[in-house]
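Here the structure is laid out as structure tokens; the discussion comes afterwards.
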Amino acid sequence: MGLISILWGIVAMVWMVLALIPLVGITNWLLIPFAAIGAIVAAIGMAVTSAGKRGRAKTGLVLNCVVIVVATWRLGLGGGLI
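Going by the working numbering, the sequence shown opens with residue 65, and the numbers climb by one from there.
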């Protein structure tokens with residue numbers, strides 16, 4: 065679960081960088097739920113693994129939360145359209 069959440073977070077991060085381009089920002093409406101699913105997978109991964117092996121899941125959770133925050137900020141900056 066941890067590895068899946070990291071890979072999900074990396075894909076979301078690349079998508080976020082592309083969505084920072086003007087006129088492509090509308091894709092943030094799809095990016096936020098995508099990253100939220102990655103954060104949920106990471107949270108499940110943290111719940112089912114032992115205390116010593118939660119590093120990957122924590123990293124995936126942080127990546128996805130950063131993407132959600134930046135994408136939300138970008139939507140607010142562009143008025144939700146651009």
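Positions of the beta carbon are idealized from the N, C-alpha and C atoms, including for glycine.
Subject >> Cβ neighbour criterion (16 or more within 10 Å) applied to W93 >> reply: The residue you call residue 93 lines up with position 29 of the sequence shown. Result: exposed.
Subject >> Rounded distance between the beta-carbons of G89 and I146, thought under 8 Å >> reply: Stepping through the sequence shown from its first residue, residue 146 is reached at position 82. Stepping through the sequence shown from its first residue, residue 89 is reached at position 25. Right, the Cβ-Cβ distance comes to about 5 Å (below 8 Å), so this counts as a contact.
Subject >> Limits of the unbroken alpha helix (DSSP H) element including R138 >> reply: Taking the first residue of the sequence shown as 1, we reach residue 138 at position 74. Its alpha helix (DSSP H) spans residues 119-141.
Original post:
Below 7 Å between beta carbons: does that hold for V131 and M77?
Top reply: For this step, residue 131 is matched to residue 67 along the sequence shown. For this step, residue 77 is matched to residue 13 along the sequence shown. Against a cut-off of 7 Å, the Cβ pair of M77 and V131 comes out as a contact.
Subject >> Element boundaries [alpha helix (DSSP H), containing L95] >> reply: Against the sequence shown, residue 95 aligns to sequence position 31. Here the alpha helix (DSSP H) through L95 covers 92-112.
Original post:
So, A135 versus L71, is the Cβ gap smaller than 7 Å?
Top reply: Here residue 135 refers to the residue found at position 71 when the sequence shown is read from its first residue. Here residue 71 refers to the residue found at position 7 when the sequence shown is read from its first residue. At least 7 Å separates the beta-carbon of A135 from that of L71.
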